[in-house]
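**Student:** Handing you a structure now.
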Amino acid sequence: MHYSPFWLKAIFPKYLWHVPTREKKLYLTFDDGPIPDITEMVLDTLAQYGAKATFFCIGDNVRKHPEVYQKVLAAGHSVGNHTFNHLNGWKTEDTTYLSNIDQCTQQLNLSTRLFRPPYGRIKGSQARVVMADKQVVMWDVLSGDFSKEVSSDTCLRQSIKHTRSGSILLFHDSIKAAPNMQYTVPRVLQHFTEAGFTFEALPMH
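Numbered according to this note's numbering, the sequence shown spans residues 30 to 234.
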């Protein structure tokens, strides 16, 4: 559950699963925000370590919480598109799905080529259209912070265990994930900072 196996990456080689590098660089990503207090806690924690991250925002949350969204931008983090309504691509008709992505793009009101499909679920027919001007970003380390079945300690231990140079780590700045995420993220930052790693944002262009 906590990492993307090599065979999955081999089936979908055009998606970004990790950043090829031998340098000690890691890429934290946060899905489903912005959410007041929770996203702001993430921003404060990242600032303590001089870390940059990438926030895959739900368009409707940007609409509801524009002041929190502006704090993400002001802190110099990257932003990606996570659809307007957190749609599951497998269960959504293509025109509806693509229209929802466009709606999110308009709400973000900036230029970013980063797109992450909610649940990691996107049909090939949808992906072909999206990839004409966007990068589909997946992950190679899934913290499991959103799961009630995963304890905070397991979330932390598995996140550290599977992380390598260039790893894209997936967390959620959401209400559901907050308990595990708020425990794990500061400890991941501390652990890898002490090991000489830096945390960078994925480039938006």
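We put the beta carbon where it would ideally sit given N, CA and C, even for glycine.
What are the boundary residues of the alpha helix (DSSP H) that Leu72 is part of?
**Tutor:** Ile67 to Gln77 is the span of the alpha helix (DSSP H), which, as asked, contains Leu72.
**Student:** Suppose you measure from the CA of His201 to the CA of Pro49; what does that come to, to the nearest Å?
**Tutor:** Between His201 and Pro49, the C-alpha separation is close to 23 Å.
**Student:** Within a Cβ cutoff of 7 Å, which residues of the same chain sit near Lys100, ignoring the five residues on either side of it in sequence?
**Tutor:** The answer, listed in chain order, is Glu69 and Leu72.
**Student:** Just how far apart, CA to CA, sit Pro65 and Val91?
**Tutor:** Distance between the alpha carbons of Pro65 and Val91 is about 11 Å.
**Student:** Got a sec, what are the start and stop residues for the alpha helix (DSSP H) Val108 sits in?
**Tutor:** Per DSSP, Val108 belongs to no alpha helix (DSSP H); it is in the beta strand (DSSP E), Ser107 to Asn110.
**Student:** Check whether the Cβ atoms of Asn114 and Phe144 lie closer than 7 Å to each other.
**Tutor:** No, the Cβ-Cβ distance between Asn114 and Phe144 is not below 7 Å.
**Student:** DSSP state of Leu116, grouped into three classes?
**Tutor:** Looking at Leu116 - three-state DSSP - the assignment turns out to be coil, as it is neither helix nor strand.
**Student:** Which residues does DSSP pair with Ile197 in a beta bridge?
**Tutor:** Note: Ile197 sits in a beta bridge opposite Tyr56.
**Student:** Between which two residues does the alpha helix (DSSP H) carrying Thr183 extend?
**Tutor:** Unbroken alpha helix (DSSP H) run through Thr183: Ser181 to His191.
**Student:** Assess contact between the stretch 190–199 and the stretch 157–175, defined as three or more Cβ pairs (one per stretch) separated by less than 8 Å. Is contact present?
**Tutor:** Judged by Cβ distances under 8 Å, the stretch 190–199 makes contact with the stretch 157–175, as three or more pairs qualify.
**Student:** Taking the continuous alpha helix (DSSP H) assigned at Phe35, which residues delimit it?
**Tutor:** First-last of the alpha helix (DSSP H) with Phe35: Phe35 to Ile40.
**Student:** Within 10 Å of its beta-carbon, does Ile151 have 16 or more other beta-carbons around it, so buried, or fewer, so exposed?
**Tutor:** With 16 or more other Cβ atoms within 10 Å, it is buried.
**Student:** In its own chain, which residues sit with a C-beta less than 7 Å from the C-beta of Asp129, not counting the 5 before and 5 after it?
**Tutor:** Correcting the residue identity first, residue 129 is Asn in this sequence and not Asp. Once the five neighbours on either side are set aside, the close Cβ partners of Asn129 are Thr112, Phe113, Asn114 and Leu116.
**Student:** Looking at C-alpha atoms only, which residue of Ala230, Val108, Cys133 and Gln187 is the closest neighbour of Ser33?
**Tutor:** The shortest C-alpha separation from Ser33 is found at Gln187.
**Student:** Among Leu45, Thr192, His31 and Leu37, which one has its Cα closest to the Cα of Met160?
**Tutor:** Cα-wise, what sits closest to Met160 is Leu45.
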